[in-house]
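Worksheet: one structure, shown below.
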Amino acid sequence: MRIASTSLAVLLVLSFPADPPRVAAAGRLRTAVLSFKIPNDCPSGLPVLLRGRLARGCLPSTVLQVWNGPSGLGPALAQYDQQSGDVFCFLPVDGDELHGQTIWCCATAACFDAAVTIEETDTGYQFYDRGRPVMFYQREPHSLDGGAHVSANYVHPVLGLDGETLTEDFPRDHPHHHGVFWAWHQIWVGRKRAGDAWADKDFLPVVKQADILDEGPLFATLHVTVHWTSPLIADAQGQPIPIVREETSIRLFRAVDEFQYADFTITLTALLDDVKIGGAENVKGYSGFTVRLKPPKGIAIVNDSGRLEQDAVGAKGRFVDVS
Numbered sequence: 017m018r019i020a021s022t023s024l025a026v027l028l029v030l031s032f033p034a035d036p037p038r039v040a041a042a043g044r045l046r047t048a049v050l051s052f053k054i055p056n057d058c059p060s061g062l063p064v065l066l067r068g069r070l071a072r073g074c075l076p077s078t079v080l081q082v083w084n085g086p087s088g089l090g091p092a093l094a095q096y097d098q099q100s101g102d103v104f105c106f107l108p109v110d111g112d113e114l115h116g117q118t119i120w121c122c123a124t125a126a127c128f129d130a131a132v133t134i135e136e137t138d139t140g141y142q143f144y145d146r147g148r149p150v151m152f153y154q155r156e157p158h159s160l161d162g163g164a165h166v167s168a169n170y171v172h173p174v175l176g177l178d179g180e181t182l183t184e185d186f187p188r189d190h191p192h193h194h195g196v197f198w199a200w201h202q203i204w205v206g207r208k209r210a211g212d213a214w215a216d217k218d219f220l221p222v223v224k225q226a227d228i229l230d231e232g233p234l235f236a237t238l239h240v241t242v243h244w245t246s247p248l249i250a251d252a253q254g255q256p257i258p259i260v261r262e263e264t265s266i267r268l269f270r271a272v273d274e275f276q277y278a279d280f281t282i283t284l285t286a287l288l289d290d291v292k293i294g295g296a297e298n299v300k301g302y303s304g305f306t307v308r309l310k311p312p313k314g315i316a317i318v319n320d321s322g323r324l325e326q327d328a329v330g331a332k333g334r335f336v337d338v339s
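Terminal number for the sequence shown in the working numbering: 339, no gaps in between.
Right, dumping it as structure tokens:
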């Protein structure tokens, strides 16, 4: 893949009509109307993460209470995303009649505590949900195998709802695996190989800036700017020249019932001419957004085609459930 500017996103994306219907005017400074589109395949009876847009009025606050009287949805807390202009909320959708429909919700200001928070440490950022540690972003380069593999810019550990560790870092069988990470085997500048980010070979991501963008009752967001560097691409003094600028947003949502969402949005921009990235040079093509899970006993892997009973190299699916 040749890079000019590209992005990789792991998130929920919904679309909205350009011409919403008229609604009765309420207090302009106190009440707004939001539009949400219900996914066609959302589970019935469970809270669904919805992304909405302002349809009428002005948002009275970054934290809102939303409801839809005719459908019986809500009231529920919602949080405004200042970067995208979207509003997120969890709403339970009962029955199938609302699937695929656009609903219109009233919204008023709500009081809140920042339930989802991020705390900076000496080596990275710890994400919390109501005081419960959930995941850690590793900002500083480090190694657990004496320097044979050095990495940064990844998430580990990821903890389950009961505090159990779900991911592995520097595992013995694949010490280049690091929790939730994103890396490519092939990085080229013109005809010159610029290291192997997947294998932690002649490559290091350097975090140039990290900012906590928001903390609230529903989600908290960390944004990082990262330079991809390799000793093989250097100036006359031997200093690595940045190859790619990565802009990554990591958003943790509060746990609802027995599940919890985390969204990663990754944008890559080439800083040099003729930059290309690619997967492993074999049929497996290892690379990209990856999760190294700590395999439980009696592991079951299920995607939208059913339970997988054997290796499924290159298989495509809308989701994968590992339990």
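All residues carry an ideal CB built from backbone N, CA and C; glycine is no exception.
- Residue environment for residue 275: exposed (fewer than 16 other C-beta atoms within 10 angstroms of its C-beta).
- As computed with DSSP, residue 140 is found in a beta bridge with 154.
- With a cut-off of 8 Å on Cβ pairs, the region 122 to 131 is not in contact with the region 213 to 224, counting fewer than three such pairs.
- Bridge pairing for residue 269: 235 [DSSP].
- Taking one beta carbon from each stretch, the region 108 to 119 and the region 58 to 65 have 3 or more pairs nearer than 8 Å; the two touch.
- Just so you know, the alpha carbons of residue 232 and residue 76 end up roughly 16 Å apart.
- CA-CA distance, residue 316 to residue 85, rounds to 41 Å.
- Straight-line spacing of the CA atoms in residue 103 and residue 307 works out to 28 Å.
- In the DSSP annotation of this structure, the continuous segment of the beta strand (DSSP E) that includes residue 292 starts and ends at 291 to 294.
- Here DSSP, grouped into helix, strand and coil, assigns residue 56 to coil.
- In the DSSP annotation of this structure, residue 181 is not part of any beta strand (DSSP E), being labelled neither H nor E.
- Rounded to the nearest whole angstrom, the CA to CA distance from residue 267 to residue 173 is 15 Å.
- The alpha-carbon separation between residue 116 and residue 57 amounts to approximately 8 Å.
- Assigned with DSSP and collapsed to three states, residue 255 falls in coil, not helix or strand.
- Between the alpha carbons of residue 270 and residue 134 lies a gap of roughly 12 Å.
- Look at the beta carbons and you see the region 182 to 192 not touching the region 282 to 294: under three pairs across the two are nearer than 8 Å.
- Where residue 319 is concerned, the enclosing beta strand (DSSP E) starts and stops at 317 to 319.
- Taking all protein chains in view, the Cβ of residue 237 is crowded by 16 or more other Cβ atoms within 10 Å, so the residue is classified as buried.
- Residue state for residue 98 is assigned as coil, using DSSP reduced to three classes.
- For residue 84, DSSP records a beta bridge to 89.
- Closest option to residue 82, judged by alpha-carbon separation, among 260, 50, 73, 164: 50.
- By the Cβ neighbour-count rule, residue 253 is exposed, with fewer than 16 other Cβ atoms within 10 Å of its own.
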